[in-house]
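There are 2 protein chains.
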Amino acid sequence: MTATILDGRATAKTLRGEINDAVAEFKEKTGVTPTIAVVRAGEDPGSVWYANAIKKTMTKRGMEAQLHVLPETAPQEKLVALVSKLSADPNIHGIMVQEPMPKGIDEGAVKAALSPDKDVDGVHEVNAGRLTMVAPAGRPEGVGPFFTPATPAGGMEILRRHGVELSGKHAVVVGRSNIVGKPMALMMMRENATVTMCHSRTADLAAVCRQADILCAAVGRPEMIRGDWIKPGAVVIDFGVNDVEGKMVGDVAYDEAVEVAGMITPVPGGTGPMTNIMLVKNVLEAARRQVTK
Amino acid sequence: MTATILDGRATAKTLRGEINDAVAEFKEKTGVTPTIAVVRAGEDPGSVWYANAIKKTMTKRGMEAQLHVLPETAPQEKLVALVSKLSADPNIHGIMVQEPMPKGIDEGAVKAALSPDKDVDGVHEVNAGRLTMVAPAGRPEGVGPFFTPATPAGGMEILRRHGVELSGKHAVVVGRSNIVGKPMALMMMRENATVTMCHSRTADLAAVCRQADILCAAVGRPEMIRGDWIKPGAVVIDFGVNDVEGKMVGDVAYDEAVEVAGMITPVPGGTGPMTNIMLVKNVLEAARRQVTK
């Protein structure tokens, strides 16, 4: 058996088309251009690349992306002041503060200056708190509106658009970062999956993974999850983006896994292409919430 | 084999002694009496009972508890205004707003008026967010100070004081409420347990429970968890408080479980007696944070 490939590029393309239409409609109705401010101190190459990618994706949708770049030596107060100013600016609907921040900067202080309503990257503690406290799908949410980090939101979107049922299924998440593993676990539990959260201290990780109907890898170790860790027919979502001698490799040993799994996201071309467009989707949603206020 | 009984009454007694000393020391050093304001609208019998129990426990420790009771018909603005006033009052260190609130009151709006720094009951989204985002034990926390709900905090305290190692163990939590199940899962993951979160939609719950080294029940269904759901030697923490014909019964079938488990909390006398004193501990901690500011 060979797994169905969950094609993130194709899913992202579909989503881009839908967002093009939604942005056009929003602009016609309100006269407002959904706008993100991307804030950075320094020139970390990954951050530079990602900021430019966001700008390109936003512009193509008829949205605006402002890049605010401070020198790497900028004092913390300047970064905080910039984020505060943008948080108060009614023409800015979403804000992303790029990490890593320069050494000596207290990331917590910078995030505290960020309005949760504009936190389209889902890194603010208020947004994490609401995701944690939100009621299961189908019931009144019981919390205010919130944003989730773009990468796991992209994984959820792939599952949804491929008709993967989560309710009552056993989902296993390997990795407990605040930007992928934990929010992915909480989002799947919200959809009524039974969720096991694994990490570096998990005993007999292979055996735990073998129980998964849906297996999510977000651990940052190339090909750590082997084919014989996967239950035949399982759905595998690989969030890994590891550079192995210039080649991008996931956390799952793809060539082995594809023979066992029922569905699998490839790397590259799986969860990766979704992140960018999910962030853009959040910017549109932020603009909707703020403009109709 | 018969399980070791995890005696919550004895553990709570030890803790009360420690807190007596800590309060005396704090008062001598600062001249400040740690104070909680318990806010309620209406006369829900459970709430009346709990407020009086808190007052008694606080007073015995040399701390102060103010009861603020509005009529059940009080408009939402009045409740919000009261909570805002208490949040701004430097003589109040902790605030608990009792639930259930009267019909028609938006609990979210009331909670929004509550200062997260005084949220000794751990119900504010900022505190939930910090618990979700805090780094694993032993690393820099990466978030600001926070409070966790008293009931699961009491369960953690019982585990700690009985030398139950969590790191690398498989913990299963049955129930996903915001005041017990979810925070308990997050707190155990923080201590490096592998955690499975179960709920009403979990398939073959018995089989999942049977994997648990530490099994936590917080589901509100009398004796739902049977003896043969428990792995021999497992640690069982029962948060259930169910009234069955006037008798208090847990979520675990105790008479069966005690023959299989390695350690177990009885009901009553297990997690129940801990809740009250954990709240008091949070009030002292809140006073410490605010007075040394």
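For the record, the sequence lines run as chains A and B. Residues in the first sequence are numbered consecutively from 1, following the numbering used here. Residues in the second sequence are numbered consecutively from 1, following the numbering used here. Backbone N, C-alpha and C define an ideal beta-carbon position, used for all residues, glycine too.
Starting from the C-beta of residue i, find all residues in its chain whose C-beta is less than 7 Å away, skip the five residues before and the five after it, and write them out in chain order.
i                 : result
Val-69 (chain B)  : Arg-40
Gly-202 (chain B) : The question names Gly, yet the displayed sequence has Thr at residue 202 (chain B). Val-208.
Ala-109 (chain B) : Gln-76 and Val-80
Pro-100 (chain A) : Asp-44
Gly-272 (chain B) : Gly-8 and Val-241
Val-195 (chain B) : Ala-171, Val-173, Ala-185, Met-188 and Met-189
Ala-53 (chain A)  : Asn-276
Pro-232 (chain B) : Val-260
Ala-51 (chain B)  : Val-38, Arg-40, Leu-67 and Gln-98
Ala-206 (chain B) : Trp-229
Leu-114 (chain A) : Val-83, Ser-87, Ile-95, Val-97 and His-124
Along chain B, which residues have their Cβ under 8 Å away from the Cβ of residue i?
i                 : result
Cys-209 (chain A) : Correct list: empty, because the minimum Cβ distance to chain B is about 11 Å.
Cβ of residue i within 8 Å of Cβ of residue j?
i                 : j                 : result
Asp-117 (chain A) : Met-96 (chain A)  : no
Gln-66 (chain B)  : Thr-33 (chain B)  : no
Gly-240 (chain B) : Val-219 (chain B) : yes
Thr-151 (chain B) : Leu-131 (chain B) : no
Ala-217 (chain B) : Asp-238 (chain B) : yes
Thr-11 (chain B)  : Glu-157 (chain B) : yes
Ser-167 (chain A) : Ala-193 (chain A) : yes
His-93 (chain B)  : Ala-287 (chain B) : yes
Glu-72 (chain A)  : Pro-102 (chain A) : yes
Val-291 (chain A) : Thr-265 (chain A) : no
Arg-226 (chain B) : Glu-256 (chain B) : yes
Leu-15 (chain A)  : His-162 (chain A) : no
Gly-129 (chain B) : Ala-128 (chain A) : yes
Val-126 (chain A) : Val-123 (chain B) : no
Asp-251 (chain B) : Met-224 (chain B) : yes
Thr-2 (chain A)   : Val-258 (chain A) : yes
Does DSSP classify residue i as helix, strand or coil?
i                 : result
Ala-10 (chain A)  : helix
Val-267 (chain A) : coil
Val-291 (chain B) : helix
Ala-298 (chain A) : The structure shown does not extend to residue 298 (chain A), since chain A is modelled only from 1 to 293, so the question has no answer here.
Thr-4 (chain A)   : strand
Glu-165 (chain B) : coil
Arg-176 (chain A) : coil
Ile-19 (chain A)  : helix
Ile-105 (chain A) : coil
Closer than 8 Å by beta-carbon distance: list the chain A residues that pair up with residue i, in chain order.
i                 : result
Gly-108 (chain B) : Gly-142, Val-143 and Gly-144
Ser-167 (chain B) : Arg-201
Lys-231 (chain B) : Per Cβ cutoff of 8 Å: no residues; Lys-231 (chain B) is ~14 Å from chain A at best.
Met-133 (chain B) : Glu-125, Ala-128, Asn-178 and Lys-182
Which same chain residues, not among the five before or five after residue i, have their C-beta less than 6 Å away from its C-beta?
i                 : result
Lys-182 (chain B) : Arg-176
Ala-88 (chain A)  : none
Ala-135 (chain A) : Glu-141 and Gly-142
Gln-98 (chain B)  : Arg-40 and Ser-47
Thr-30 (chain A)  : Val-291
Glu-107 (chain B) : Met-101
Can you list the residues of chain B that residue i reaches, using a CB-CB cut of under 7 Å?
i                 : result
Cys-198 (chain A) : Thr-194
What does residue i touch in chain A if you count any residue whose Cβ is under 7 Å from its own?
i                 : result
Arg-130 (chain B) : Glu-125
For residue i, which residues in the same chain have their Cβ closer than 8 Å to its Cβ, ignoring the five residues on either side in sequence?
i                 : result
Gly-19 (chain A)  : Rather than Gly, the amino acid found at residue 19 (chain A) in this sequence is Ile. Arg-61, Ile-277, Val-280, Lys-281 and Leu-284, listed in sequence order.
Lys-169 (chain A) : Ala-193, Thr-194, Asp-213 and Ile-214
Arg-289 (chain B) : Asp-117 and Pro-145
Lys-55 (chain A)  : Val-38, Ala-65 and Leu-67
Arg-221 (chain A) : Gly-240, Asn-242 and Asp-251
Ala-22 (chain B)  : Leu-284
Under 9 Å between beta-carbons, which chain A residues line up against residue i? List them in chain order, please.
i                 : result
Arg-176 (chain B) : Pro-136 and Met-189
Using 7 Å as the cut-off, classify the Cβ of residue i as near or not near the heavy atoms of the ligand HEM, replying yes or no.
i                 : result
Val-252 (chain B) : Annotation note on the ligand HEM: not contained in the displayed structure, which lists no ligands.
For chain D, is any of its Cβ atoms less than 8 Å away from the one on residue i?
i                 : result
Gly-246 (chain B) : In the structure shown, chain D does not exist; the protein chains are A and B.
Only counting runs of 3 or more residues, tell me where the beta strand (DSSP E) segments fall wholly within the region 107-159 of chain B, in order along the chain.
Here no run is fully enclosed.
Within the region 186-261 of chain A, ranges of the alpha helix (DSSP H) (whole runs, at least 4 residues):
Taken in chain order, the whole alpha helix (DSSP H) runs of length 4 or more contained in the region 186-261 of chain A are 205-209 and 254-257.
What are the uninterrupted segments assigned as beta strand (DSSP E) that are 3 or more residues long and contained completely in the region 27-103 of chain B, given in chain order?
Fully enclosed beta strand (DSSP E) runs of 3 or longer: 35-41, 64-70 and 94-97.
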